[in-house]
Amino acid sequence: QKPLQKFTLDHIDLKILNLLSKNGRLSYRNIGLTIGLTTKSVKSRIDRMLAAKVIDRFLTRLNPSIIGYKEICALALQRNKLNQELLDRINLVGDIQYQFEVMGGVIGFDIAIKEGTEDKVELLLNSLRPALLGIIRSRNREVSHNLTRTDHTIVKQLIKNPRMEIGDIAAATVISPKTVRRRLDKLVRNHVLEFSIQPNPDAMKGYIVFFLDVRVKDKSHHQKVLQRIHEELHGHFMLLSSDMSNQEDSIGLLLGSEDTIGIESIRSRIECFDGVQQANAFLPIKLACPQEWILKAIDKKLAESGGEKRKEFSEKTVASKMH
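Sequential numbering of the sequence shown, starting at 6, is according to the numbering used here.
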């Protein structure tokens, strides 16, 4: 099998990537209107980036707190000491929402902690000590929104296909297009869902892709720091910046630079922002975002709501017969 040829990005490709990282559901037409290209040209460029694996895939991100995962545990482990037994232990207390390998023989995980297993995290950490390089535990940002059965049904389709058209979602779920659009707009507005891309650092010729982990002093600084980052880095090659802000005390950015001097310049500049405790840069080799666990959690919620509906229907039937 031939090795994947790296794709040389030009400034137009970077603009498209920036737009898609902020909203992976943007239409070809809207992207074209924003950057001055025809719809056909935009589609052609995106298709080329997908074929070259510059864009690994489109991604729907769901705030884990909405399905009962209130805490995140970020781990850094020595890759050569990681084995299947340790992975099995990780899976006992939570589900891996991000996995990444970085230069230096380090593998990292962001683990969404299952409800009811919080007290087992310390046991997990003790068992990981020989391989453990670092750990950060934090709370997910909770949202004041309860998902309905309709919401779960729509989200399930979008996890499978983030760019699925409204009409196709409606046809697959037997929900009216008007309801799909209204519920989807509400989910995005309430920071339950956001849409992005999963890039492939290894496929990008001419750019060094790096992950910047920004730790804020406390959650009260979060939005202010995030806003300033967007202002300061406007025009930079940015592939990921989560406005959903899952973790209250950190901000994750995936950026691109033409050289290592640029990486350090951005890192040190952000670390000087008011409200920032520290900023650390990492060079990722591989990125992964497993989502099977989200689909299982949604299926469980749908099964529970289906059972409640059947019970309610049965009770109403019995009551009507009694009268």
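We put the beta carbon where it would ideally sit given N, CA and C, even for glycine.
Using the C-alpha atoms, what's the distance from cysteine 277 back to aspartate 173? 47 Å
Limits of the alpha helix (DSSP H) - the one that arginine 272 falls within: 265-276
Applying the criterion that 16 or more other CB atoms from any shown protein chain within 10 Å of the CB defines a buried residue, is isoleucine 36 buried or exposed? buried
At 3 residues or longer, and completely inside the segment 186-261: list those beta strand (DSSP E) runs for me, N to C. 198-204, 213-221 and 242-246
Label glutamate 199 either buried or exposed according to how many other C-beta atoms from any shown protein chain fall within 10 Å of its C-beta, with 16 as the threshold for buried. buried
Glutamate 106 - partner residues in DSSP beta bridges: Ile112 and Lys291
Assigned secondary structure, glutamine 283 (DSSP; H/G/I helix, E/B strand, else coil): strand
Going by beta-carbon coordinates alone, are alanine 117 and leucine 87 separated by less than 8 Å? no
With a threshold of 6 Å on Cβ separation, who are the neighbours of alanine 192 within its own chain once the five nearest residues in sequence on each side are excluded? Here residue 192 is leucine; the residue named in the question, alanine, does not match the sequence. If we look at leucine 192 and ignore the five residues flanking it on each side, its Cβ neighbours are Leu198.
Excluding five sequence neighbours on each side, which residues of the same chain lie with their C-beta closer than 8 Å to the C-beta of valine 148? Asn68, Ser70, Ile71, Asn195, His196 and Val197
Leucine 205 and valine 47 closer than 8 Å at C-beta: According to the sequence as given, residue 205 is asparagine; it is not leucine. No, Cβ-Cβ distance for asparagine 205 and valine 47 is not below 8 Å.
Residue range of the beta strand (DSSP E) that serine 143 falls in? 137-144
Among Arg233, Ile112 and Gln162, which one has its Cα closest to the Cα of alanine 176? Looking at the Cα atoms, Gln162 is the closest of the given residues.
Can you grab the Cα-Cα spacing for the pair glutamate 106 / threonine 158, in whole Å? 33 Å
Enumerate in chain order the residues of its own chain whose CB-to-CB distance from glutamine 104 is below 6 Å, with the five nearest sequence positions on each side excluded. Phe114 and Ala293
When you compare only the Cα positions, how much space is there between isoleucine 3 and alanine 286? Residue 3 cannot be examined here, being either before or after the span of the chain that is shown, 6 to 328.
Am I right that aspartate 218 and aspartate 254 are in contact with their C-beta atoms under 8 Å? What's the rounded C-beta distance? Their Cβ separation, rounded to whole angstroms, is 11 Å, which puts aspartate 218 and aspartate 254 out of contact at 8 Å.
Assumed close pair isoleucine 213, serine 262 - CB separation to whole angstroms, cut-off 8 Å: 5 Å
Simplified DSSP state of glutamine 89, which is helix, strand or coil: helix
Identify whether arginine 66 lies in helix, strand or coil by the three-state DSSP scheme. strand
Rounded straight-line distance, which links the Cα of leucine 128 to that of isoleucine 234: 37 Å
On the premise that serine 201 lies in contact with serine 26, defined as a C-beta separation below 8 Å, what is that separation, rounded to the nearest angstrom? Contact between serine 26 and serine 201 is confirmed by a C-beta separation of about 5 Å, below the 8 Å threshold.
Specify, as a first and last residue, the run of the alpha helix (DSSP H) that isoleucine 77 falls within. Segment 76-83 is the beta strand (DSSP E) holding isoleucine 77; no alpha helix (DSSP H) there.
Report yes if the C-beta distance between glycine 121 and glutamine 83 is below 8 Å; otherwise report no. Contact flag unset, no.
Rounded separation between threonine 65 and valine 160 - CA only: Distance between the alpha carbons of threonine 65 and valine 160: 9 Å.
Could you pull the DSSP bridge partners for valine 101 from this structure? The sequence shown places isoleucine at residue 101, not valine. Isoleucine 101 is bridged to Ile116.
Buried or exposed for lysine 119, please, with buried defined as at least 16 other CB atoms from any protein chain shown within 10 angstroms of its CB. buried
Neighbourhood of histidine 150 by C-beta, 6 Å cutoff - its chain only, sequence neighbours within 5 removed: These residues qualify, in order along the chain: Asn195 and Val197.
Report the rounded CA-to-CA distance for leucine 133 versus leucine 91, giving the unit in angstroms. 7 Å
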